[in-house]
Structure formats: C-alpha cells, structure tokens
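For reference, the structure discussed in these notes is given below.
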Amino acid sequence: MSERSFTIHEIEGYIESIFLVESEGRLLLLDGGCRGDAARIEAFITGTMGRPMADLKLMAVSHMHPDHAGGAPILRQKFGIPIAAHHRVDDWYRGWRGWLQNQVDRRLARFSARRNGKKRERVAYPRKLTPDYPLRDGDQLPGFPEWVTMTFPGHTSFDIGLFNKTRSVFYAADLILCINGKFMLPFPIPFPEEMKGSLTRFAKLNAETLLLAHGGKLKNMDFARLAGPLIERVGEVSNPMFRRILPFTTIGPEIKRKHRKKSR
Numbered sequence: 094m095s096e097r098s099f100t101i102h103e104i105e106g107y108i109e110s111i112f113l114v115e116s117e118g119r120l121l122l123l124d125g126g127c128r129g130d131a132a133r134i135e136a137f138i139t140g141t142m143g144r145p146m147a148d149l150k151l152m153a154v155s156h157m158h159p160d161h162a163g164g165a166p167i168l169r170q171k172f173g174i175p176i177a178a179h180h181r182v183d184d185w186y187r188g189w190r191g192w193l194q195n196q197v198d199r200r201l202a203r204f205s206a207r208r209n210g211k212k213r214e215r216v217a218y219p220r221k222l223t224p225d226y227p228l229r230d231g232d233q234l235p236g237f238p239e240w241v242t243m244t245f246p247g248h249t250s251f252d253i254g255l256f257n258k259t260r261s262v263f264y265a266a267d268l269i270l271c272i273n274g275k276f277m278l279p280f281p282i283p284f285p286e287e288m289k290g291s292l293t294r295f296a297k298l299n300a301e302t303l304l305l306a307h308g309g310k311l312k313n314m315d316f317a318r319l320a321g322p323l324i325e326r327v328g329e330v331s332n333p334m335f336r337r338i339l340p341f342t343t344i345g346p347e348i349k350r351k352h353r354k355k356s357r
C-alpha cells in the first residue's frame, strides 16, 4: 500500500458526523451536513487545519436529506467547489409531492436536533442539488479515483456509499446508524426490499474502517455479522413517535411511483 498522506478528519455537524478526507494534500468532503454545517466545515478547513478552501476539491453527497445535502450548495456557491451525487438525486423532491416530503424531512431533522439537545438552526435548503458530477454505480469520484460509488437504495431511492479499497475505508452514510453503541436502521425506510438488498450487498464488503454519518469512525467491524440482525429488522418501527409520523414519510414522488408500480 502507498505510504502517501491519507487522513480522515471527523467534524461534528449539527446532527451528524461529517468526514473530510485529506489525500496527498487535496481534500474530499463526504457529505455536506445541514446548511449551518457549511460554516463549521469552512471553519475547520481554514481555522483548525489552516488550509485555504481551494484545497477542497470535491464534495460527495450521499442523498438528499437535510443533514447530508444542506451545506454543500452553500459551499459550492461561495467557493465554486463541485458536487458529486447520484445521477437521479434531483428526482427525490421533485414536484408538489417532493415539496411536502421535504417539509416532513426538515421537521425530522429539527426533531433529531432537539432530541440531542441542540439549539434550533435553520435547515432549509434547495430541493434540487444539480450535481456537477452525476454518479452511477461503479463510478470513480472525479479527482479521487480510489473512491468508488456504490448504490444503496432503501432509505431513499438514490442513496450512495463510497468504498476506498486501497485504503480499506467504506463510507456508509445513512445505511446503518450506531447510536449510543447500538447499531440500528435509519428512519424512514420507504423501500424495505431494496434496503434488504443494500444491507446484503454491504455484508459482502470488507474494510478496516467504517464511516457512519450517525455513529462516527469505527474500526475492524465484521460487516456480515453487523448486517445480519439489521436485515431481519427491516420493516420494524419500534419508536412510538416514528410510528405516528410514518404515514407522513411516504408522500414523495418516487415512493408513490414505486408503490403504484407494485400495485399493478
């Protein structure tokens, strides 16, 4: 393995962990967090690291939820940093159904912040990301070819993970969560069968470092052993509050389209 510089920095975001990869002097951002996290990312790069924002060459966005896609558009507008994301990511919130779904998801983000004792911050952000680099399964990240795109539908239709085989690192985004030491599934999961398939795919991977947007940086995890119990729990919603709001999480156009297709 190359001994060239490679460091993964973890930034505490509003309601999630944000990972900044330092590779041979160039920076890669794995998700942009909430809109307020744009300032946190900038402060970390220019203050903590003492680096210019021009060193941030690419932002990869895993999916369109507020705590992943909120900050990247701000950083792109301010500094011209390109965004890479699923080639159909902008379909997730399209139309009036997408607007409603986005309102629900923003409220879920605020609920998560309250539950974690965070002060209220704005979480509004554009419903369209318009990625500079649309990604498909198997694509390498532009400028960072060691990172390979993997699609993991279930939490949304257009979730991606990123696998760096050379450095044995996998960024799972929201595929799996680890809260207070307990592994769990994200909420909601509008596509349970697709989620089972995604977890089965995850179980076949092997990496020394697992990066979770909600759970941080983990070492030497057995992916198959981790995924097995979670596959069995897909479809379960044990949290009473989540059960109450579950009907409001299925408004989006892609969810309705797939449900109509299955009912034919």
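According to the working numbering, the sequence shown is numbered sequentially starting from 94. For glycine and all other residues, C-beta sits at the position ideal for the given N, C-alpha and C.
For a test of the three-state rule: what should DSSP assign to residue i, helix, strand or coil?
i, result
"K211", "coil"
"I108", "coil"
"V154", "coil"
"R350", "helix"
"K312", "strand"
"I338", "helix"
"M94", "Because the pLDDT at M94 is just 35, under 50, the model does not fix this residue reliably, and the point stays unresolved."
"H161", "helix"
"V241", "strand"
"L303", "strand"
"E135", "helix"
"R119", "strand"
"E329", "coil"
"M277", "strand"
"F284", "coil"
"V216", "coil"
"I176", "strand"
"T293", "helix"
"L222", "coil"
"D141", "Per the sequence shown, the amino acid found at residue 141 is Thr instead of Asp. Here T141 sits in helix by DSSP."
"P227", "strand"
"L362", "As shown, the chain starts at 94 and ends at 357. That puts residue 362 outside it, with no answer to give."
"L113", "strand"
Confirm, please, whether the CB-CB distance from residue j to residue i is below 8 Å.
i, j, result
"G254", "L268", "yes"
"G188", "D160", "no"
"P285", "V327", "yes"
"L222", "I176", "yes"
"A296", "A265", "no"
"Y107", "D124", "no"
"V262", "T302", "yes"
"V182", "M157", "yes"
"E347", "D184", "yes"
"T100", "E117", "no"
"I51", "L121", "An answer regarding residue 51 cannot be provided, because it is not within the stretch 94 to 357 covered by the chain."
"Y186", "G345", "yes"
"I338", "T293", "no"
"F256", "L298", "yes"
"R190", "K349", "yes"
If residue i and residue j are in contact, beta carbons under 8 Å, what's the gap, nearest whole angstrom?
i, j, result
"R213", "N195", "Their Cβ separation, rounded to whole angstroms, is 18 Å, which puts R213 and N195 out of contact at 8 Å."
"A178", "V216", "With 8 Å as the limit, A178 and V216 do not qualify as a contact, their Cβ atoms being about 18 Å apart."
"Y218", "R128", "5 Å"
"S110", "A300", "Wrong, their Cβ atoms sit about 17 Å apart, outside the cutoff."
"T342", "P281", "4 Å"
"P145", "H180", "With a Cβ gap of about 30 Å, P145 and H180 do not count as contacting."
"C271", "G308", "3 Å"
Decide if the region 154-167 is in contact with the region 311-319; the criterion is three or more beta carbon pairs, one per stretch, under 8 Å apart. Proximity of the region 154-167 to the region 311-319 falls short of the contact definition, fewer than three beta-carbon pairs being nearer than 8 Å.
Segments assigned alpha helix (DSSP H), at least 4 residues, entirely inside the region 250-274: The region 250-274 contains no whole alpha helix (DSSP H) run of 4 or more residues.
contact_flag[the region 272-283, the region 231-240] where n(CB pairs < 8 Å) is 3 or more: Contact between the region 272-283 and the region 231-240 is absent, with fewer than three C-beta pairs closer than 8 Å.
Any contact of the region 225-232 with the region 241-261, i.e. 3+ C-beta pairs under 8 Å? They touch, by the three-pair rule.
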